[in-house]
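Undergrad:
Chains as they are written, first to last, in UniProt numbering: chain D, 1 to 689; chain P, 1 to 689.
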């Protein structure tokens, strides 16, 4: 049909091939002819395949496994043994709340797993329990987090011995279900602007809790709508002067406020509780709204670790300023972010496992006269799922490191570690939860129609996980904390101050990163070079250093005309990019360490492959930045792109082993389309065939 | 604390500013000092603001409004008058299905709106009804689409007069609720591989419908689980030879198969129906699975427009090949894609309106001693929502154009138009629904905790819309059709063949686009140049042309070693990028036209602003590509970035007017946080205060 030997290079043979391609691959409209040569059997990547990597799943899994797998298996076994405690796909909000409460009671009182004991003393074990029960029902994980990490955590971390003596056992055994009443209708992120007041009454030796206006109604308070009996309420401590003519605002403090009668469960006088109603997800958690009208509590109910009021109305604190007290108060609550970052990786593992197992099973289209191929054999599908799998591994090691450091911090109270864990938990929580939220959509979409069946779990996972991006600190706000912290370190660097471990790279090599890119290495494009951890880490660090230096200059420039707030806002997108770049750098560094420390050579090879994909995919995603300063030459950019695609293909070849190493048995993944055998049959059985 | 006049430029003043910033803006931990100068009042963008654009919302809205607003208002009024037909936030699957059916019956029989009449004769009106009822409940929109566009459409488009005579009225008035039974458990995208058979029995003059294996069970069939009485079943037409010793497979055809008794509603013999169960969303639609065991239907039930079987078992068709018949069959179903693209824009408008109105209301943080600022004043928030608003406008004009062309095609049956509408509907459906799906997440996240309240709608919108990416053609498959079509046009260009309207730019300027970038214009960075539609469109077209030319070369190269299928797969990511780039180019071209055609100068100015943001944001998003071939010089890249941020800020200043112009009254948006007055009160009222 087309002239052969057409001198136009864009025509001739390739137009014929193109024409054949259109005939065969414009998929809906143009059917596959049955008369094509055998050479067509390849599926696109086959000829560049090297010998497939052999991965010993057991060894890889063993290396990944945390030290608390035993308690996780105890959780799985308990819920396996109590099918009536499993959450059905369709359940009303009210039934779900009751079930979730029964699940928690069963876990604590029947299975004898007592998470509260680990909140302070063995956080790694606490997070392991959280991960396991989150896979049973994320609502249960959050319900547990509200009770033990938020309500319980506020009592033991912000209170003193008298509070532990009074409340520990009741919280532990669920006699005292409680709430963490911080957020108000008008104020979430800006905690310092909370408006609820706690005014000391020197005559009765009480605090009077008040909601001064509707904007100050405590909102989204977990456990408040149904089960909570007590709440730690964050309110401005108002202290009258000696003659009661003036009142001093001492800033936000936490107070234990009973909201329902311990025996009758009736709402107490002065407390008004409404149900926040149906949510996008997590409907097993009963969020409520609380309005206080002159509710009196004893002075002892002030959680007084960082600030106290004496019988005669004098304020005392070991910390000198309202800001330092506030920082200390919120600093104690950082565990929630650690838990969310860690749990978010668990969700990503689960969703990735389902999507990848199904994508290996599912076949659609194929070369002429050949069987259809797995959809994971398509380059586009590899592009969707393989960098995600690589990121999951990367996040696994980064959040495991965070948990370790957090536990160490709780043990040692080392001040440098406190700062490091604070910034790292903020950054990882923000980065990982945003990534997981996006990925859940990709997973659903990559499983097509069957991904839309509720039984295959993407809907619930997404709806439940969604709010991870917001609670315990809005991600955009948290990333600004990371950026602020980096700017502080940057300033300290130039003054010779101490740098915490995670930031060391800034001191060690800021200057070299800020010099002009090397025009020779900018052209190196060999695979060995691109897969050299030094090249990868240098590229990440270069980007972060450059973003940091340039935003500091811009902030300085704009501050003179716009003031501090205005300058910060003018540079906000830049600051967020900086924070993400830094977090990616930390993640890569931890991943490279994890590869190097892996004792088994086969597992190490697999991890190295995945780590390279993580690194090169990220560099390619931001190639504009690298190109714009000639950090990489045009041909090197192309080589990075090509290698990232190729590594996706390589990872696809061991994708099954890589998800198996997450060690999620079928009774945890539960999605019929992801069963490790007879998935389609289990799916048709589920529907009733 | 820091030394002033520090000679190090990275230190000194800016470190002090930075230090102050950290104190004030590391938001949770570092409180705002109360002692900052007045100069801090700006919020970052104020000093670069020009006089605010005055937008006449009425005129802009009038220009945007389609010709069928009247029937939409009739829909809104009807449901407003029947509160018992409004879908509550919490409803069981079964109740939702019944309610959805009652909604549809009410619309047709009580409100007297008869959508079936417009499916073929006035599709623009049909889509306007679809848009309006989709905002009542997306399940209702899909339920209507199943009945009228899929089931009804298959009868009138694939059948002949005898079918219309028999079925039109019953479909129209809902006496014949029906299904569109195409997808099977094992085959969705690959429709040609469907396995259900329809074997002609010359003795009884019947077809026998069979499900040969479980993989061929019809799956996800809307209306099948509960309400459907008939189905158009897609099956391979099997024709026995004269002596019945052999059977010829004539390819996939559609057959009308009764599945439930018209009077008793009992499932008919040989038909096995199961409920596909709970879905991620759209639970008002009853999707079922169908297995056929020797179900006999009269020969007349073959929808025989493109192929028929005579009494004596002879096959006749006006179309010469099985492929052309298949193409003609599926080509008639393209209306579904047009409807989804159009409805997806409606969802994007709704979600964007809610997110933007709330972001204007919500205040959090602010300069010291000043009121808190709207969160839409933050650069990061503008970055999330303003390019999305610009895209919504862009998609509005592009899909309106598509609807117009589709209506013209249905009227004229012009062959060139058929090809154009097919590719454009595939591309816009894929591009727009993917964009909307991502944006729904951004909208929820940008509204923080209150975005997570079910009453504020993001959850339902996302869950319902999610499957738009999959049904009526998986987006990844559809984009490949666009790429295939482009390659075909590319080939035709070099042979002087005809190009359809949308592709004209390829012929007109392919050569100029493929020449080396002009090193002079690559450095132009003035605002007038960057906002010149010619620069913008040239940049889009350049990218598409380059991607097209390079992928043709790559396909040619790889075909020799990998064969056609393998080469296509090796280039798949490249092909998808090409398809997206082309669709973006078409969208921009239509947007520029719409700006130029707008008669009112103030509305035109607003549209021009939004169009520039759309164009520059897209160019910046792909800046790596442009930089890599030096299409833009480094400083021009920076200028584009800066201008895109600045335009986001400018659009923010008229964001309220721009969403008002979508003309969505409060009883359509419904989310309390998006009410146009007293939003917080309406929200607290909703919860019970």
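Even for Gly, the Cβ is constructed at its ideal location relative to N, Cα and C.
1. Tell me whether residue 182 of chain P sits in a helix, a strand or coil according to DSSP, three-state version.
2. Considering only residues of the same chain and omitting the five flanking positions on each side of residue 139 of chain P, which have a CB-CB separation below 6 Å?
3. Secondary structure at residue 248 of chain D, three-state DSSP: helix, strand or coil?
4. Tell me where the alpha helix (DSSP H) around residue 602 of chain P begins and ends.
5. For residue 189 of chain P, count neighbouring C-beta atoms within 10 Å of its own C-beta (all shown protein chains included) and say buried if the count is 16 or more, exposed if not.
6. Which of the three DSSP states is assigned to residue 230 of chain P in this structure?
7. Spell out whether any CB of chain P is found under 8 Å from the CB atom of residue 497 of chain D.
8. Tell me which same chain residues have a C-beta within less than 8 Å of the C-beta of residue 654 of chain D, skipping the five on either side of it?
9. When you compare only the Cα positions, how much space is there between residue 63 of chain P and residue 276 of chain P?
10. Does chain D have any CB closer than 8 Å to the CB of residue 305 of chain P?
11. Can you confirm whether residue 220 of chain P, when its beta carbon is compared against all beta carbons of chain D, has any partner nearer than 8 Å?
12. With a 10 Å radius around its C-beta and 16 neighbouring C-beta atoms as the bar for buried, classify residue 469 of chain P as buried or exposed.
13. List, from N- to C-terminal side, the alpha helix (DSSP H) runs of 4 residues or more that fit wholly inside the region 613 to 689 of chain P.
14. Given a cut-off of 8 Å on the beta-carbon distance, is the pair residue 591 of chain D and residue 614 of chain D in contact?
15. Should residue 271 of chain P and residue 259 of chain P be called a contact, given that it needs their Cβ atoms to be closer than 8 Å?
16. Going straight from the alpha carbon of residue 645 of chain P to that of residue 517 of chain D, what length do you get?
17. Note down, in chain order, every chain P residue with its Cβ under 7 Å from the Cβ of residue 476 of chain D.
18. Buried or exposed for residue 312 of chain D, please, with buried defined as at least 16 other CB atoms from any protein chain shown within 10 angstroms of its CB.
19. Indicate whether at least one CB of chain D lies closer than 8 Å to the CB of residue 146 of chain P.
20. Relative to chain B, which residues along the region 390 to 418 of chain D have a C-beta separation below 8 Å, given in chain order?
21. When you compare the CB of residue 30 of chain D with every CB in chain P, is at least one pair closer than 8 Å?
22. Could you list which residues in chain D have their beta carbon closer than 7 Å to that of residue 276 of chain P, in chain order?
23. Taking residue 228 of chain P and residue 179 of chain P to be in contact with their CB atoms under 8 Å, please state how far apart those CB atoms are, rounded to whole angstroms.
24. Taking the alpha carbon of residue 575 of chain P as the reference point, which residue from D:379, D:407 and D:126 has its own alpha carbon closest?
25. Kindly confirm or deny that the region 331 to 346 of chain D and the region 454 to 472 of chain D touch, where touching means at least three C-beta pairs closer than 8 Å.
26. Hey, residue 102 of chain P and residue 130 of chain P are a contact pair by Cβ (cut 8 Å); roughly how many whole angstroms apart?
27. Leaving aside the five residues before and after residue 143 of chain P along the sequence, list all residues of the same chain whose C-beta is less than 6 Å from its C-beta, in chain order.
28. Count the other CB atoms within 10 Å of the CB of residue 433 of chain P; is the residue buried (16 or more) or exposed (fewer)?
29. Going by CA-CA distance only, name the one from P:624, P:529, P:568 and P:559 that's closest to residue 643 of chain P.
30. May I have the straight-line CA-CA distance separating residue 201 of chain D from residue 207 of chain D, to the nearest angstrom?
31. Starting from residue 298 of chain D, follow the alpha helix (DSSP H) in both directions and report where the run begins and ends.
32. Within 8 Å (strictly less), CB to CB, does residue 634 of chain P reach chain D?
33. Considering only C-alpha positions, which residue in the set P:682, P:663 and P:674 is nearest to residue 59 of chain P?
34. Of the choices D:537, D:545 and D:619, whose alpha-carbon is the least far from that of residue 593 of chain D?
35. By Cβ distance, which residues of its chain are closer than 8 Å to residue 246 of chain P, with the 5 residues on each side in sequence left out?
36. So, does the region 316 to 331 of chain P touch the region 375 to 391 of chain P, judging by three or more C-beta pairs under 8 Å?
TA: Per the coordinate set shown:
1. For the purposes of this step, residue 182 of chain P is taken as the residue at position 182 of the second chain. Residue 182 of chain P: coil per DSSP, three-state reduction.
2. Translated into the one-based positions of the second chain, residue 139 of chain P becomes position 139. Result list for residue 139 of chain P: 100, 282, 284 and 285, in chain order.
3. Mapped onto the first chain, residue 248 of chain D falls at position 248. DSSP places residue 248 of chain D in strand when its eight states are reduced to three.
4. As a working mapping, residue 602 of chain P is identified with position 602 in the second chain. Where residue 602 of chain P is concerned, the enclosing alpha helix (DSSP H) stretches over 601 to 621.
5. Against the second chain, residue 189 of chain P aligns to sequence position 189. So residue 189 of chain P counts as buried.
6. Counting from one through the second chain, the residue named residue 230 of chain P turns up at place 230. Correct three-state label for residue 230 of chain P: strand.
7. One-based indexing of the first chain puts residue 497 of chain D at position 497. With a pLDDT of only 48 at residue 497 of chain D, under the threshold of 50, the placement of this residue in the model should not be trusted, and no figure is reported.
8. Taking the first chain and counting its residues from 1, one reaches residue 654 of chain D at position 654. The answer, listed in chain order, is 52, 53, 55, 606 and 609.
9. Sequence index remark: in the second chain, residue 63 of chain P carries index 63 (1-based). Sequence index remark: in the second chain, residue 276 of chain P carries index 276 (1-based). Separation of residue 63 of chain P and residue 276 of chain P (C-alpha to C-alpha, rounded to the nearest whole angstrom) is 43 Å.
10. For the purposes of this step, residue 305 of chain P is taken as the residue at position 305 of the second chain. It does not; no Cβ of chain D falls within 8 Å.
11. The count along the second chain starts at 1 and reaches residue 220 of chain P at position 220. Yes, residue 220 of chain P lies at the interface with chain D (some Cβ there is under 8 Å from its Cβ).
12. Looking up residue 469 of chain P in the second chain gives position 469. Burial call: buried.
13. 623 to 628, 634 to 653, 655 to 660, 666 to 669 and 679 to 687
14. The residue labelled residue 591 of chain D in the question sits at position 591 within the first chain. The residue labelled residue 614 of chain D in the question sits at position 614 within the first chain. Yes, the pair counts as a contact, with Cβ atoms nearer than the cut-off.
15. What you label residue 271 of chain P is simply residue 271 of the second chain in a count that begins at 1. What you label residue 259 of chain P is simply residue 259 of the second chain in a count that begins at 1. Closer than 8 Å, so yes.
16. Position 645 of the second chain, counted from the first residue, corresponds to residue 645 of chain P. Position 517 of the first chain, counted from the first residue, corresponds to residue 517 of chain D. Cα to Cα, the separation comes out at about 27 Å.
17. Your numbering for residue 476 of chain D matches position 476 in the first chain. Close partners of residue 476 of chain D in chain P (Cβ separation under 7 Å): 380.
18. As a working mapping, residue 312 of chain D is identified with position 312 in the first chain. The residue in question, residue 312 of chain D, is exposed, as its Cβ has fewer than 16 Cβ neighbours within 10 Å.
19. On the second chain, residue 146 of chain P is found 146 positions in, with the first residue counted as 1. No, no contact with chain D.
20. Absent from the structure: chain B. Protein chains present are D and P.
21. For the purposes of this step, residue 30 of chain D is taken as residue 30 along the first chain, with counting starting at 1. Confidence at residue 30 of chain D is low in this model, with a pLDDT of 34, below 50, so its placement is unreliable and the value that follows should be read with caution. Cβ-Cβ to chain P under 8 Å: yes for residue 30 of chain D.
22. Here residue 276 of chain P refers to the residue found at position 276 of the second chain. The contacting residues are 453 and 687.
23. Along the second chain, read from residue 1 onward, the residue named residue 228 of chain P stands at position 228. Along the second chain, read from residue 1 onward, the residue named residue 179 of chain P stands at position 179. That belief holds up - the Cβ atoms of residue 228 of chain P and residue 179 of chain P are roughly 4 Å apart, short of 8 Å.
24. To locate residue 575 of chain P, count along the second chain from 1; it is residue 575. With distances taken between Cα atoms, residue 575 of chain P lies closest to D:379.
25. yes
26. Counting from 1 along the second chain, the entry for residue 102 of chain P is found at position 102. Counting from 1 along the second chain, the entry for residue 130 of chain P is found at position 130. At roughly 18 Å, the Cβ-Cβ gap does not stay under 8 Å, so residue 102 of chain P and residue 130 of chain P are not in contact.
27. Your numbering for residue 143 of chain P matches position 143 in the second chain. The residues are 100, 104 and 285.
28. Mapped onto the second chain, residue 433 of chain P falls at position 433. The residue in question, residue 433 of chain P, is buried, as its Cβ has 16 or more Cβ neighbours within 10 Å.
29. Residue numbering aside, residue 643 of chain P sits at position 643 when the second chain is read from its first letter. Nearest option by C-alpha distance: P:529.
30. As a first step, residue 201 of chain D must be located in the first chain, where it is residue number 201. As a first step, residue 207 of chain D must be located in the first chain, where it is residue number 207. The straight-line gap from Cα to Cα measures roughly 6 Å.
31. As a working mapping, residue 298 of chain D is identified with position 298 in the first chain. Element bounds for residue 298 of chain D: not the alpha helix (DSSP H) but the beta strand (DSSP E), 295 to 298.
32. Counted from its first residue, the second chain places residue 634 of chain P at position 634. For residue 634 of chain P, the answer is yes, since a Cβ of chain D falls inside 8 Å of its Cβ.
33. As a working mapping, residue 59 of chain P is identified with position 59 in the second chain. Nearest C-alpha to residue 59 of chain P among P:682, P:663 and P:674: P:663.
34. Here the question's residue 593 of chain D lines up with position 593 in the first chain. Nearest to residue 593 of chain D by alpha-carbon distance, out of D:537, D:545 and D:619, is D:537.
35. Mapped onto the second chain, residue 246 of chain P falls at position 246. If we look at residue 246 of chain P and ignore the five residues flanking it on each side, its Cβ neighbours are 240.
36. The region 316 to 331 of chain P vs the region 375 to 391 of chain P: no contact.
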